[in-house]
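Participant: Provided herewith is a single structure, encoded as structure tokens, for subsequent inquiry.
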């Protein structure tokens, strides 16, 4: 796995530090006092440009995580440094120092496991607004990628089917997001139940809430009908049939 990453990094050929700061990084890596070395490395990392800092912010925690699994993968931080330092264009001593102080010089970096976009075989859609919005970003990104590939001439039946699937998924997610937002609107009208409450006022409020729920239900039915019609049109277009007037 590490050899594959080495090949990928060679192809990318990024600058992980700047030419001006590389010598200073190397000098600091030789400092024996751990506290001084850590503070100086943190100071130098803060001086890096945003691109360099972002690359290190993703690469170092990953390599550090690999070294923490040494019992399973036989890759200690020293082994990683000797393998990765040439492609990263730095000494093994510097890379070892960066890995040793990784959590201190990059304290706000958190690696999260990648979760691919949902497909038609996924068990269920997200249930919360933030989760739906996050999934919409993934689906929109995937849709843009598919369009770019097809515009570049990479057209196939499988890719066309995936395109329709992603579009349907986006429609379902947007519909569910609207339902959640409408539900919040209906719950925003408070009911004040106490001894001094005006019964007439409470009846009016309850009537308003029921009316909002009724409107939301009607809109949901209309949206479902539109979605069904849209699917019928897509199926007809896919089969080469004519669209009914």
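Residue numbers (the UniProt record's numbering): 1 to 245.
Each residue gets a CB set at the ideal place from its N, CA and C atoms; glycine is no exception.
Which first and last residues belong to the alpha helix (DSSP H) in which residue 89 is found?
Facilitator: For the purposes of this step, residue 89 is taken as residue 89 along the chain shown, with counting starting at 1. Residue 89 -> no alpha helix (DSSP H), and no H or E assigned at all.
Participant: Quick check: the Cα distance between residue 170 and residue 219, rounded to an integer number of angstroms?
Facilitator: The residue you call residue 170 lines up with position 170 of the chain shown. The residue you call residue 219 lines up with position 219 of the chain shown. In a straight line, the C-alpha of residue 170 is about 18 Å away from that of residue 219.
Participant: Roughly how many whole angstroms lie between the Cα atoms of residue 105 and residue 33?
Facilitator: The residue labelled residue 105 in the question sits at position 105 within the chain shown. The residue labelled residue 33 in the question sits at position 33 within the chain shown. The alpha-carbon atoms of residue 105 and residue 33 are separated by roughly 16 Å.
Participant: Could you tell me if residue 100 is buried or exposed, where buried requires 16 or more neighbouring beta carbons within 10 angstroms of its beta carbon?
Facilitator: As a first step, residue 100 is located in the chain shown; it is residue number 100 there, counting from the start. Residue 100 should be labelled buried.
Participant: Note the first and the last residue of the continuous alpha helix (DSSP H) segment covering residue 27.
Facilitator: The residue you call residue 27 lines up with position 27 of the chain shown. Looking at the DSSP string, the run of the alpha helix (DSSP H) that includes residue 27 is 19–29.
Participant: Please classify residue 120 as buried or exposed, where buried requires at least 16 neighbouring CB atoms within 10 angstroms.
Facilitator: In the chain shown, residue 120 corresponds to position 120, counting from 1. Result: exposed.
Participant: Can you tell me whether residue 140 is helix, strand or coil according to DSSP?
Facilitator: Counting from 1 along the chain shown, the entry for residue 140 is found at position 140. Residue 140: helix per DSSP, three-state reduction.
Participant: With a threshold of 7 Å on Cβ separation, who are the neighbours of residue 234 within its own chain once the five nearest residues in sequence on each side are excluded?
Facilitator: Numbered from 1 along the chain shown, position 234 holds the residue referred to as residue 234. Once the five neighbours on either side are set aside, the close Cβ partners of residue 234 are 164.
Participant: Measuring CA to CA, which of 51, 97 and 223 is closest to residue 36?
Facilitator: Locating residue 36 in the chain shown gives position 36, where the first residue counts as 1. Ranking 51, 97 and 223 by Cα distance to residue 36 puts 97 first.
Participant: Which term fits residue 151, buried or exposed, when burial requires 16 or more other beta carbons within 10 angstroms of its beta carbon?
Facilitator: Position 151 of the chain shown, counted from the start, is the residue given in the question as residue 151. Residue 151 should be labelled exposed.
Participant: Judging by CA-CA distance, which residue of 123, 109, 158 and 93 is the nearest neighbour of residue 58?
Facilitator: As a position in the chain shown, residue 58 is number 58, starting the count at 1. When only C-alpha atoms are compared, the closest one is 109.
Participant: Would residue 21 and residue 47 qualify as a contact pair, given that the criterion is a beta-carbon distance under 8 Å?
Facilitator: Taking the chain shown and counting its residues from 1, one reaches residue 21 at position 21. Taking the chain shown and counting its residues from 1, one reaches residue 47 at position 47. A contact, by the Cβ cut-off of 8 Å.
Participant: Taking buried to mean at least 16 other C-beta atoms within 10 Å of its own C-beta, is residue 222 buried or exposed?
Facilitator: For the purposes of this step, residue 222 is taken as the residue at position 222 of the chain shown. So residue 222 ends up on the exposed side.
Participant: Would you report the Cα separation of residue 135 and residue 26, rounded to the nearest angstrom?
Facilitator: By one-based count along the chain shown, residue 135 stands at place 135. By one-based count along the chain shown, residue 26 stands at place 26. In a straight line, the C-alpha of residue 135 is about 43 Å away from that of residue 26.
Participant: Below 6 Å CB to CB, which residues in the same chain sit around residue 142 once its five sequence neighbours on both sides are set aside?
Facilitator: On the chain shown, residue 142 is found 142 positions in, with the first residue counted as 1. Within the same chain, residue 142 has close Cβ partners 117 and 166.
Participant: If you reduce the DSSP assignment to three classes, tell me which class residue 113 lands in.
Facilitator: Start at 1 with the first residue of the chain shown, and residue 113 comes out as number 113. It is coil, neither helix nor strand.
Participant: Among the candidates 209, 206, 183 and 176, whose CA atom is the shortest distance from the CA of residue 227?
Facilitator: Reading the chain shown from its first residue, position 227 is the one you call residue 227. Comparing Cα-Cα distances from residue 227 to each of 209, 206, 183 and 176, the minimum goes to 176.
Participant: Given that a residue counts as buried once 16 or more other Cβ atoms are within 10 Å of its Cβ, and exposed if not, what is residue 16?
Facilitator: Taking the chain shown and counting its residues from 1, the one referred to as residue 16 is at position 16. So residue 16 counts as buried.
Participant: Can you tell me which of 214, 55, 41 and 211 puts its alpha carbon nearest to the alpha carbon of residue 94?
Facilitator: Taking the first residue of the chain shown as 1, we reach residue 94 at position 94. It is 41.
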